[in-house]
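The numbers in the numbering used here rise by one with no breaks, and the one at position 123 of the sequence shown is 148.
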Amino acid sequence: MAKVLLGFMGAGKSTIARGLDPNYLDMDAMIEKRLGMSIAEFFSENGEEAFRQIESEVLAELLQRDRVVSTGGGVVISQRNRDLLKTNTDNIYLKSDFETLYQRIAADKDNQRPLFLNNSKEELAAIFQERQAWYEEVASRVLDVTKLSPDEIIEELR
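Listed below in structure tokens is the structure:
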């Protein structure tokens, strides 16, 4: 069974996945490899519906593996993906408050996220709010990471 890390951008999914298993599976990287282009490019050329279809296919494959998986922050948007995630028993929601996440995203100059760049803080907060219930709906475990360091989070999840 896969150990799936869920949460909004900035929650630390990739960092924590890497700390739990250096050979973790990065869902976004796998999708980009399959597409042969960035997710942002595919999104603009083919639209959200086409992207969500590919995302669901990759998610279904990843859930069959006994590995740590870092998901994209929007994986829970699709009902199909939420249904797939509900079949997995180890979904960990890395939860934090919006302000903390916003500060982390703004400070991360190496990973400039399109959702962050193309939306106001208020619009991003609305997206964050909308997704909260979906993360909790599929999570088998919720871990508040607001005040924890990556090492503390990793230790908690081992």
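Don't be surprised by glycine CBs; every beta carbon is placed ideally from N, CA and C.
In the three-state reduction of the DSSP assignment, V170 falls in the coil class, being assigned neither a helical nor a strand state. Sequence-distant partners of R107 (beyond 5 residues in either direction) whose C-beta falls short of 8 Å from its own C-beta, in its chain, are V101, W159, E162 and V163. L30 has its alpha-carbon roughly 14 Å from the corresponding atom of N48.
Within a 10 Å sphere around the beta-carbon of M34 sit 16 or more other beta-carbons, which makes this residue buried. One Cα belongs to D176, the other to V94, and the distance between them is close to 18 Å. Within 10 angstroms of the beta-carbon of M26 lie fewer than 16 other beta-carbons, which makes it exposed.
Rounded to the nearest angstrom, the gap between the Cα atoms of M62 and L140 is 17 Å.
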